[in-house]
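All remarks here apply to the structure that follows.
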Amino acid sequence: MASEAASLLEAKGVDAGYGTMQVLWGVDLDVRPGETVLLLGANGAGKTTFLKSLVGLIETRHGQIALGGHDVTRMRSSDRMRLGMTYMSELAVFPDLSIEENLKVGAQALGHANPGARTEELYGLFPVLREKRRNAASSLSGGQRKMLGIAKALAAEPKLLVMDEPSAGLSPLLVKEVLQVLSRLQGQGLALLIAEQNIGFLGVATRVFVLEGGRIRFSGTVAEMTDNEALRRAYFGLK
Amino acid sequence: MPDFMRHMLVIVAPLVAAFAILPGVYDNHLLLFNFVIFLILAQGVNIIYGFTGYLPFGYVGFFGAGAYGFAIAVMHLHTPAPVAVLAAGAVGVLLGLLLTPLLRLSGAYFAIANLAAALAVLHFVANPALEQITKGPYGVALNGTFNPTLAYTGAVIILTLTLAFVVFLKNSSFGLALQAVREDAVSAAMAGVNVVRMRVIAWLASALVAGLAGGVFAWYVSVFYPDNVFSNDFSIFAIVFALFGGVATITGPIVGVVILYGIYNLIGFTTPQYFQLIYGVLIMALVLFLPAGLVSLATRRGWNVP
Amino acid sequence: MSPEPAPILAVNGLVKRFGGFHALDGVSFHVSAGEILGLVGPNGSGKTTTINVISGLYAPDGGTLTYDGASIGGLASHKLVHRGINRTFQIPKPFLSLTVRQNVEVALAYGRAEIAPPRLSDLLEQYHLADLADRPAADLNSSQQKMLDLVRALATRPRLLLLDELAAGLNPTELDWIAGHVRALAQSGLAIIVVEHLMGFIEQITDRVIVMNAGKDIFEGPLAVAVKVPQVIEVFLGGDHGV
Amino acid sequence: AADAPSEIKIGTLYASSGRYASISMPVHAGLKLWAEQKNAEGGVYVKAFDKKIPIKLVAYDDQSNTATASTLYNQLITQDKVDLFVADSGSVLTAPAVTIARDHKMFLFDQTGTGASFFSKDNPYIALMSDPVSTIWPKPIADFLTKDGPALGIKRVAILYSTNEFTGTQANALRKFIKEANAPIEIVYDQGIPTETTNYTVILNNIRAAKPDAVIHLGYAPNDIAFLRNVQDLGIKFPMLFSIYAGLETELLEKNVGAKGLEHVFTYVPPSEMAYPVNFGMNIADYRKAWDKKYPDGKIEFGFNSVAGYTTGLVIEKTLAEATSLDQMELRRAVFSLSGKLKTLDGTFALDEMGGQVGELTPLGQIALNDHGHIKFVAIYPHDVATGKPVYPRP
Amino acid sequence: MLAYPLIAGVLFGLYFSLLGIGLNLVFGVMRIVNLAHGDFLMLGAFVAFGVFYLLGLDPLLAVPLAFMIFVIVGIVLYGLLVPRLQGSRDPEMLSIILFFGLSQVIEALVTIAFGTSERSIPSRELGSLTTTVAKAFGAKPEGGPVEIFGQSFPAAWVISAAVSIIAIALVYVYLYRTRLGTLTRAVMSRRDEAFATGINVDRVCAAAFGIGLGLAAIAGVFAPFMFGSVTPAFGADATVTAFVIVVLGSLGNPLGTALGGVVYGICYMLVQTYLSSWADLLPYVLLILVLLLRPSGLLGRKVRVA
Ligand SMILES: Nc1ncnc2c1ncn2[C@@H]1O[C@H](COP(=O)(O)OP(=O)(O)OP(=O)(O)O)[C@@H](O)[C@H]1O
Ligand SMILES: Nc1ncnc2c1ncn2[C@@H]1O[C@H](COP(=O)(O)OP(=O)(O)OP(=O)(O)O)[C@@H](O)[C@H]1O
Ligand SMILES: [Mg+2]
Ligand SMILES: [Mg+2]
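As structure tokens, this is what we get:
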């Protein structure tokens, strides 16, 4: 029981899907405070779908999701997030709002009244955002949008940050910077759940889950994963 | 194109046959005529909205222009009525050409600009300064051409042609390309589609259909005012009927007209007191409980609706 | 060294402004048939904008675009498609409510006319879309939609293909798979420009890269050389990196 | 006569909603009042069957929609097989009935559709019940301006009209009458404006700049309301100001403009103020009482239109008492035979050869306030019906 | 001669902005084409009638009252209609039908309850409680005309223009200076991302919908003074006018609506002065011209396509 209470986020037997199509089949996953969990899986395995059901953007058909000990399975997304979880989606930005407003919304959605100081810190992370802060987010390039998305999700100072492919489309330099930022945040006690393809992220992860065809195929530590020949072959690519 | 023939035989032929026979068994011919007119207009809306995504909120502009085209041809050029109906179609197309720049707009901007255009045409036609040509606000009375039976036949022919065009759209790569343009113009261009030309063709086709309908309408009613033929009820009804049945299909707008306009008339005949109230409530209920149009009942089950 | 084949596309001093902002500020490069050219650079350096201009989405504000010996700057997209230029989108743009099959059918019907169209079922099979053929494109996730973009582009029978971050979001195994496809396309004679941030992938498939920064090309040559150029490291790669 | 029907079916339409509802509803209420009153008496005398037969009013709601109106008109004829065919009010909604009646060879009892194009020599299937045809309606105004005007000091006239059939035709007629009179009257302002116009501030400013002695405003009730309110809001006092509905729908205007705003306004004097001697049906005072009893809630205003509907009823009643069969041409003969003889609360019913109403004319009058601030009418022109002298210029 | 229509255009134009601003909110945030907008205006006028005829109070007091009533009505209606609608496939277009139905129902109910005839309130009653305020604007007591630059205008115009400026300013503050407003614009920009960011989208939208209807009702309070009188059928035309103004200025931007209203007002008054019989044609022509030159309205901005 003790370990359960210790989980920040716990999903048990989650089924979810779209319309008549079921995508997830009994997925179990947990994230403990301060921990970084990586969710791997092939294109179409259901990573995004799973993250969406965690944060409440699609309905969980079976199973339970608990956040900080509360059952949130039937809770709407805004209420879940008030419990301290934010989500960085693939879209990640409000195109018609300026950069600055995007950050403000990120903070205010969860009730943070004065995001000012935080905003400065985030601009420090991504200087290009400060440069363009009065521009509409729609004018940003793909990678710039990703930066904004990360910054926006951080603006609310969550306990748990759920990210969908934060590195896709970022230049190598920025990937490195993002990794640095994430490890700094880890140091501050932020828990992370990241769906990624970039194996560079294994460096910051504590545990890994692998989704295949909507089912959990593997879960364990990074070391356990790299020891597994079949998994290495499937997910790290062979050279 | 076997699907084309099949749709013509299974959907168009029975419908046209029904409207050819009905006047023999049912006396309220004008009701039948209005059914045909709304079938044409709803399909016209289908062509432009269903296949290209432009909602023609002022669709009646073409209808009214067609009606006046007919009247002017008859009054000033003394053409025989069938020729005047063709002239009405031509007027619709001309107005469509004039308004092609509107296609640069999208979504609600297009819809409202189209409405504005229709109102502009109405106020133009109805202006007393044009009394010599259009009779301005004083209304048109066409005596020589009055012939309801022939006008009805004309309407059924126009309906047939309109349906044939929709069947073509539904079964051709042309129609598919139009839908692609509707979904995403940039991607459509990258699929090799000449977006501007496609839109203009659909737009003019839909203008032609409404112009022709306006022409036969003028032929049938003979006496009318600008307010009669430019009443935006025509646009709203045609749009509501088409959407209710389900656009981008052949059958959707047909079903929409038959059911909604049928109910509309039924209420009108039986419970006149609270006509508007009942009709309003009914429409709201349909949208809330059957939101994707009637054809969605079938498509949801995975059936393919032509 | 064999003499270089004449380039199919030559870009010279290309300029594109948005308001006062110079998104492209004099970019020059060329690409030949059968070649895969990498276009890399920091985020916001103008890669997508370059592709947008080449594919006719935006008219250039300066410079020249020469394709097959003719100037194509400012031509409408569909005309360029008919001449054999096509692309994928960084944020995929399929026809959402049409089925996957219909998405490709449009391109088959309206693509370049001179060449016999490829078989639809083969295309879908090759890019793992066959099972989804009768589902609306809205049901696909973003990487599947990117594949659909690619299939649609191929269905128009292009001679110059512009791939904008096609591989972002794929795992290493999938990267190998798509790399194989891209190489095969180049071998069949297509000129391909690949925009990508994954250096491993770029290394694997390109002969030559252009590094862009702030709307200008700052390096041209093999990636192995580029990674040693200080300016490239500074703006793009950062510190040390493993290819 | 043989097999008398159990009821006489009268088919008509009304508009309970939409643009024309406010003119249609009072007319229809007047007609309904007549029908119910007759049925309470056991029906109307029908000469064709030589007995009293109850009336059945078959009425549909066209919601001001002309396409709907067309089908419903057709429904009345083809499905309900009504014996008598009565149009909705106003020219726009009457228009479809004209063709349909002609097509089905039904005689149309046109209540208030004054459209000039409805009446032609080759169409025997129509007669106008209560409004004068627009082409002669403004004759008393023109005569007053040209004959009495110069002596009073009226030299400059402004005409402002809404560009619809009803008021546009009156403006044309007025202009023609004035020109033909060759009087020393100059038209210094003559503008048509869209019927939808509901604010006149800028126009009034322009009219004021033309310095007219008389301003003739020809518009529908909402136009008049907005116009007269704007005149008041701006504190403008034209020496003479004419408006149609100050007389036709006095109650409505008084409610919306206020008695003060109507004081000294020239207008048509409605039948309710003339107390025409009747030789058939209720006189105006009795009708008013019956109306207030039947429609006590005030949702439908008593006025010119409510008299029109009742007048239609009276003409129908008299027609049935006259016609030897229900054949439509016989009905026509009966209606035309009443011309010049039937005197109702709406004046003398008289038709021209094409069916236009030329009898129930409305004199020119002026509104005055009595000591209690209540409205009363002073008839001014023609002189033979005059009850007083004009107040000119407006103090 | 020119000064008068210009000032009149600005005053009346500001009122036009008020007419459109609620529609702008509802459309901008929820992509709902509120075809019943004009009917809420009409209901606002009936609140004013109630305040004046039943309570015997200054109709200006109807402004806060109508606002509060319709904010609540809006929130309730939102809950009943909109979530269901948003669940459908093409909510923007279906909203046209749904709100067409609602507009029919409202008009029918009001007609049944109050009859069809024109109603209004004497001009001098507006602001009777606050003659001091009126005096501050230079009005003579008893609601006489107001002098501006030596020209006189109806007091109601000045009062409604003032209220309109205040309302637009408040909407601006709400959208750009408050937390709720920022969230509202986020929802406007991208609904799905708003959910992903943890915004309580339903609450934000219900508030915007309520405020939108409340603003419509406020505009309605002045309608009897600005348009002479109001009938239950008043809504349809008002909706069209409001749409024209909103689109003229660009969707989602309250300052755009202010500008759209004023441009509309000035053009209207100028045409009424110089080409009066064409007055109703020109606003529509104006709209079309503006949209062709700036396809997303006067204050709209270009969007990146790929
Ligand atoms: N909105 C949707 N409607 C219907 N089906 C969907 C939708 N989004 C995704 N799917 C389907 O669900 C399955 C899982 O998709 P998901 O996006 O969760 O995969 P993923 O693991 O995130 O893949 P990727 O690595 O490509 O992001 C896919 O087969 C996809 O086609
Ligand atoms: N339509 C536009 N309007 C305004 N600015 C634009 C537009 N398109 C691009 N930009 C700007 O031009 C610059 C280059 O953008 P582009 O999308 O070409 O970058 P990119 O190299 O593709 O970056 P990424 O790798 O992040 O996708 C960016 O700063 C972007 O904000
Ligand atoms: Mg995903
Ligand atoms: Mg890019």
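Protein chains in written order, with the numbering used here: chain A, 712 to 950; chain B, 218 to 523; chain C, 774 to 1016; chain D, 2 to 396; chain E, 659 to 964.
Cβ atoms here follow ideal geometry from the backbone N, Cα and C, with glycine treated the same way.
Going by beta-carbon coordinates alone, are D:Gln358 and D:Met130 separated by less than 8 angstroms? Result yes, Cβ atoms of D:Gln358 and D:Met130 sit closer than 8 angstroms.
Taking Cβ to Cβ, would you say E:Gly702 is nearer than 8 angstroms to E:Ala877? Yes. Within cutoff.
Are the beta-carbon atoms of B:Ala335 and B:Ala305 separated by less than 8 angstroms? Taking 8 angstroms as the Cβ cut-off, B:Ala335 and B:Ala305 do not qualify as a contacting pair.
Determine the burial state of E:Ile824: buried for a count of at least 16 other Cβ atoms within 10 Å of its Cβ, exposed for fewer. Result: exposed.
Which word fits E:Pro663, buried or exposed, when buried means at least 16 other C-beta atoms lie within 10 angstroms of its C-beta? Around the beta carbon of E:Pro663, 16 or more other beta carbons lie within 10 angstroms, which makes this residue buried.
Run down chain D in chain order and give the residues with a C-beta less than 8 angstroms from the C-beta of E:Thr889. By Cβ distance, chain D contributes Ala22, Ser23 and Pro223.
Quick check on the DSSP output: the beta strand (DSSP E) that includes A:Asp739 runs from which residue to which? Per DSSP, A:Asp739 belongs to the beta strand (DSSP E) from Met732 to Val742.
Closest Cβ-Cβ distance between E:Pro749 and chain D: below 8 angstroms? No, because no Cβ of chain D sits closer than 8 angstroms to the Cβ of E:Pro749.
Quick one: what does DSSP say D:Val308 is sitting in, helix, strand or coil? Helix, per DSSP.
Residue-chain proximity (C:Gly817, chain B), Cβ-Cβ < 8 angstroms: At a cut-off of 8 angstroms between C-beta atoms, C:Gly817 does not count as an interface residue with respect to chain B.
I want to see whether chain B comes within less than 8 angstroms of C:His1014, judged by CB atoms only; does it? Caution is warranted here: a pLDDT of 46 is assigned to C:His1014, below 50, making its placement in the model unreliable, and the coordinate value is therefore given only provisionally. Chain B has no Cβ within less than 8 angstroms of the Cβ of C:His1014.
Would you mind listing the alpha helix (DSSP H) stretches within the segment 920-991 of chain C that are 4+ residues and don't spill past its ends, in chain order? Runs of the alpha helix (DSSP H) inside the segment 920-991 of chain C: 945-960 and 972-978.
contact_flag[the segment 273-289 of chain B, the segment 447-454 of chain B] where n(CB pairs < 8 angstroms) is 3 or more: The segment 273-289 of chain B makes contact with the segment 447-454 of chain B; the number of CB pairs closer than 8 angstroms reaches 3 or more.
Which residues of chain A have a Cβ atom closer than 7 angstroms to the Cβ of C:Met972, listed in chain order? Ordered by position in chain A, the residues that pass the 7 angstroms Cβ test against C:Met972 are Pro883.
Count the other CB atoms within 10 Å of the CB of D:Ile226; is the residue buried (16 or more) or exposed (fewer)? Its Cβ being crowded by 16 or more others within 10 Å, D:Ile226 is buried.
Select from E:Leu833, E:Leu723, E:Pro722 and E:Arg747 the residue whose C-alpha is nearest the C-alpha of E:Ile679. When only C-alpha atoms are compared, the closest one is E:Leu833.
Contact set between E:Met688 and chain D, taken where Cβ atoms lie within less than 9 angstroms: Contact annotation for E:Met688 against chain D: no contact, minimum CB-CB distance about 27 angstroms [criterion: below 9 angstroms].
So, D:Leu175 versus D:Ile160, is the Cβ gap smaller than 8 angstroms? Pairing D:Leu175 with D:Ile160 gives a Cβ-Cβ distance under 8 angstroms.
Report the option in D:Leu73, D:Ile78, D:Gln64 and D:Thr113 whose CA atom is closest to the CA atom of D:Tyr311. It is D:Thr113 whose Cα lies nearest to the Cα of D:Tyr311.
Check whether the Cβ of C:Gly1022 sits closer than 7 angstroms to any heavy atom of ligand 4, and report yes or no. Any question about residue 1022 of chain C goes unanswered here, given that chain C covers just 774 to 1016.
Listed in chain order, which residues of the segment 761-790 of chain A have Cβ atoms closer than 9 angstroms to some Cβ of chain E? From the segment 761-790 of chain A, only Lys763, Val766, Gly767, Leu768, Arg787, Ser788, Ser789 and Asp790 have a Cβ closer than 9 angstroms to chain E.
Would you mind working out which of B:Phe327, B:Ala455 and B:Met225 sits nearest B:Val426, comparing C-alpha positions? It is B:Ala455.
Could you run through the segment 819-851 of chain E and flag, in chain order, every residue whose CB is less than 8 angstroms away from some CB of chain A? Taking 8 angstroms as the Cβ-Cβ cut-off against chain A, the residues of the segment 819-851 of chain E that qualify are Arg837, Thr840, Leu841, Arg843, Ala844, Met846, Ser847, Arg848, Asp850 and Glu851.
Check each candidate in A:Ala906, A:Arg944, A:Ala753 and A:Glu868 and name the one with the smallest Cα separation from A:Lys763. The residue with the shortest Cα to Cα distance from A:Lys763 is A:Ala906.
Within 7 angstroms: the Cβ of C:Lys852 and any heavy atom of ligand 1? Taken from the Cβ of C:Lys852, every heavy atom of ligand 1 lies 7 angstroms or farther away.
E:Ala874 beta carbon less than 8 angstroms from that of E:Leu672: Against a cut-off of 8 angstroms, the Cβ pair of E:Ala874 and E:Leu672 comes out as no contact.
With three or more beta-carbon pairs closer than 8 angstroms as the criterion, would you say the segment 993-1005 of chain C touches the segment 820-835 of chain C? With contact defined as three or more Cβ pairs closer than 8 angstroms, the segment 993-1005 of chain C and the segment 820-835 of chain C are not in contact.
For the alpha helix (DSSP H) containing E:Leu950, list its first residue and its last residue. It spans Leu940 to Leu951 - the alpha helix (DSSP H) in which E:Leu950 sits, taken as one unbroken run.
Contact under 8 angstroms by Cβ, A:Ala902 with A:Lys870: Yes, the pair counts as a contact, with Cβ atoms nearer than the cut-off.
Please identify, using Cβ separations under 9 angstroms, the residues of the segment 39-64 of chain D that lie next to chain B, in order along the chain. Listed in sequence order: Ala60, Tyr61, Asp62, Asp63 and Gln64.
Would you report the Cα separation of C:Tyr840 and B:Asn344, rounded to the nearest angstrom? Going from the Cα of C:Tyr840 to the Cα of B:Asn344 covers about 55 angstroms.
Tell me which residues share the same chain as E:Gly868 and place their Cβ nearer than 8 angstroms to its Cβ, disregarding the 5 neighbours each side in the sequence. Phe728, Val729, Ile730, Val731, Gly732, Ile733 and Tyr736, listed in sequence order.
Any Cβ of chain A within less than 8 angstroms of the Cβ of C:Asp1101? Lying outside 774 to 1016, the shown extent of chain C, residue 1101 of chain C is not represented and no answer is given.
Is the CB-CB distance between C:Arg932 and C:Ala806 below 8 angstroms? Their beta carbons are under 8 angstroms apart, which means C:Arg932 touches C:Ala806 by this criterion.
Report yes or no: is there a C-beta of chain B within less than 8 angstroms of the C-beta of C:Thr929? Taking 8 angstroms as the CB threshold, C:Thr929 lines the interface with chain B.
Where B:Val227 falls, given that 16 or more other Cβ within 10 Å makes a residue buried: With fewer than 16 other Cβ atoms within 10 Å, it is exposed.
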